[in-house]
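Report on the following structure.
Chains as they are written, first to last, in our numbering: chain A, 25 to 291; chain B, 348 to 666; chain C, 3 to 266.
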């Protein structure tokens, strides 16, 4: 059974311009798929369309079946209530910029408590224990629970955001450029953490990025997006070894250069 | 926070002192001698000399200044030239009208502006936006006393639903009658205030609706209403609070003019009476109380904003 | 651009009334021979007030007063405010702090109350109103100028000019003023509307210029008692006030859109 079935997904602006054109893919439980492309290629819009959270003024067309629930259909949107049950259970997400993705006015602990309470119905001391366990899972200390987002580092913020997303115990985790906003030194650390947690819980992963070296490292399947259309898709290793589209080839080349650069920096 | 409170309190005291000094300077140094007012009223030189001794305006300026500040500190605002009553008591009596008027108008304006501003952001239709920006544009362009006049004409003179003006002699002994007298003035002020407030609520709501953290909450399964309640409200409130402080102060000042339209015995009418009768202690007292109120409201708004937004608490000093 | 055209028309109406009033008036403003509360039409286009004075004549004089009050206050407030703001912007640390605190306290001193105070110690006249409103406004302008100057002074081209040996007065004229001018002009334009309304409020309270050269605010006050028998007198001055203030605000808004580099 497929967990996520996206068929002929398009996203349009109010003026009719298509930002995403006819994208299709499926994802089985435990599978890992990468969406790669430059900014404006429509990769983040795909993630938001799957979540049913497109910004105001954009509409999705086509079909997104998420764990048996139609998120978009030929008729736009499903009743919001039904989506609230899919989000936070079948799927949850980590976004790019952790400073703005966390509520600036709420302590980290309370923010993590939200999804845990909804998902597992915990209250009081049990809830507090679950929050601390969540934090520990992403290697954050109890001190962080009492901090506001602006009081901790970028890496700590993103780990807190990951803890929130995993606290939902979703079948599918969408990670939209989760390391892009972080310092290079922290990137690898957060990526490894995300990788091991997803593997440990057997979740499916939809990983979005612009850097082939990063995306290829955590995914088995790959879709290359350019200007709103999928230009190439297949097994990650095949694409990395034999890119067919010229755009994909340029991505692979720059990834190799990056790799070489890293080797030079840290011999 | 404690350090900020200390700093902000020191700043408040400083501005109070400055405002009191400014009042003193403007009243003493501009025209010469407040006792000259008595001359205009046809008093004899002996009477004027007596008045000067009594009001202390024959003393050297520094001494007068000290007396003025000392009086303020003891909440003693002197005696009216005209009524011979203590100015403090007279102001307190007038506040029984002005304070309810201000607070009711403010509450009504907020009660109207918050839902309307929220809806305007949430359902960003062309029509709604156009109507709203028209209302906001008029809100800052229409003189508040003229709105009062028009409301009186329609609801008091034509439809005879409400009193056209005045206030029960026995103040709040009959709350129903007192409230009825305040309905039109309250609506007048609230109408103007809500026009500008709606714009702030709308833009704060738009910011929240487009914010990443609201999207995060929804992506993790929070319903729209739940996300707005848990995250939206506080985040939208933070920028609105500082505006609310200014608005409350403006409402208070709007009351000064609107009281004249409705012949309400409030602080504003007391000031106008004081000016036309050259009753300096009254003028001085009313201005001191009004300015202090505005400064204290600003203080409260600043502190409230710090309480809501932890980011302000860690940033040191002025931006 | 639509806003600009509309603003020009609205302000143009009031400007035209004021300009014509300088060379020609339908009646002498003190002429009460027309009879009391004559309805509009006939010899008196908009009727007469309760003393028999021609309403149109008074409205035209009112236009002149409203424009004088608006322009005069902003001129006074602008000159004082910009000068004080520049001084504070360039001042050294503690002096700047003191000036900033003083400005904040001054702004808490509401313009309308300040105006009433000035009227109380001088006499009710257009000059008093302009002086008072201008003084109140200067604090607001000074605070804005100070912030703008501070922002400009952190820019690299100031440092560049400094290192290339330009004197401070030269830097003010060549770099600071041109850079703060757009924002400043828009705000000053918005202040015109505020000044017009403040003068109208003062006059309504009986603290403005005395009749027969009365402002619209006083006309409204006098018409209040006869609003049912002579509604035109209670409506026309208010409409003109709204026309002028909306017009000025529209012009200010389009000024903001025209200003370069402020497209955000």
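Heads up, the beta-carbon is just placed ideally off N, CA and C, and yes, glycines get one too. Bear in mind that the values here come from a model prediction, so they are computed numbers and not experimental data.
In this structure, residue 226/A keeps its C-beta atom at 7 Å or more from the C-beta atom of residue 206/A. Put simply, the CB of residue 658/B is near chain A, with a gap under 7 Å to one of its CB atoms. Beta-carbon to beta-carbon, residue 204/C and residue 122/C are separated by about 11 Å, too far to satisfy the 8 Å threshold.
Under the 7 Å criterion on CB atoms, residue 44/A is classed as non-interfacial with respect to chain B. Restricting attention to 280/A, 283/A, 168/A, the CA atom closest to the CA of residue 131/A is found in 168/A.
Inter-segment contact for the region 622 to 642 of chain B and the region 421 to 431 of chain B is present: three or more beta-carbon pairs are separated by less than 8 Å. Between residue 232/C and residue 222/C, the beta carbon gap of about 12 Å keeps them out of contact (Cβ cut-off 8 Å). Boundaries of the beta strand (DSSP E) harbouring residue 200/A: 196 to 200, taken from the DSSP string.
Beta bridge pairing from DSSP links residue 541/B with no other residue. At a beta-carbon threshold of 7 Å, the residues of chain A lying near residue 571/B are 104, ordered along the chain.
Residues 112 of the same chain have their beta carbon placed closer than 7 Å to that of residue 142/A, with the five preceding and five following residues left out of the count. If you look at residue 85/A, you'll find it in the beta strand (DSSP E) that goes 82 to 90.
Taking C-alpha positions only, residue 8/C is separated from residue 245/C by approximately 10 Å. Residue pairing for residue 254/A: DSSP places it in a beta bridge opposite 249/A. Residue 176/A carries a coil assignment under DSSP once its states are collapsed to helix, strand and coil. Distance from the Cα of residue 219/C is smallest, within the candidate group 191/C, 156/C, 75/C, 67/C, for 67/C.
Residue 37/A is bridged by DSSP to 82/A.
When rounded, the separation of the alpha-carbon atoms in residue 240/A and residue 210/A is 18 Å. Residue contact check for residue 117/A against chain B: a CB pair falls below 7 Å. Against residue 161/A, chain B offers no close residue; the least beta-carbon distance is about 16 Å (beta-carbon pairs closer than 7 Å). Linking residue 601/B to residue 536/B through their CA atoms gives a straight-line distance of about 7 Å. The CB of residue 138/A comes closer than 8 Å to the CB of 564, 567, 569, 577 in chain B, given here in chain order.
Not a single CB atom of chain C sits nearer than 7 Å to the CB of residue 445/B. For the pair residue 254/C and residue 191/C, the CB atoms are nearer than the 7 Å cut-off. Within the region 158 to 183 of chain A, the residues whose Cβ lies closer than 8 Å to some Cβ of chain B are 172, 174, 175, listed in chain order. Cβ neighbours of residue 527/B within its own chain (closer than 7 Å, five residues either side excluded): 509, 510.
Here residue 124/C carries a coil assignment [DSSP, helix/strand/coil]. If one requires a minimum length of 4 residues, the alpha helix (DSSP H) runs lying completely within the region 599 to 655 of chain B are 614 to 623, 627 to 655, in chain order.
Residues of the region 538 to 560 of chain B with a C-beta less than 8 Å from any C-beta of chain A: 556, 557, 558, 559, 560, listed in chain order.
With 16 or more other CB atoms across the displayed protein chains lying within 10 angstroms of its CB, residue 29/C is buried. Contact with chain B is absent for residue 29/C, since none of that chain's Cβ atoms lies less than 7 Å from the residue's Cβ.
In the displayed model, residue 208/A falls within a helix according to three-state DSSP. Of all residues in the region 484 to 498 of chain B, the ones placed with a Cβ closer than 8 Å to any Cβ belonging to chain C are 484, 485, 487, 488, 489, 490, 491, 492, 493, 496, 497, in chain order. Restricting attention to 278/A, 43/A, 246/A, the CA atom closest to the CA of residue 60/A is found in 246/A.
Think of a sphere of 9 Å around the beta carbon of residue 619/B: the chain C residues whose beta carbon falls inside it are 118, 207, 208, 209, in chain order. Its Cα nearest to that of residue 613/B, the residue 637/B stands out among 637/B, 474/B, 568/B.
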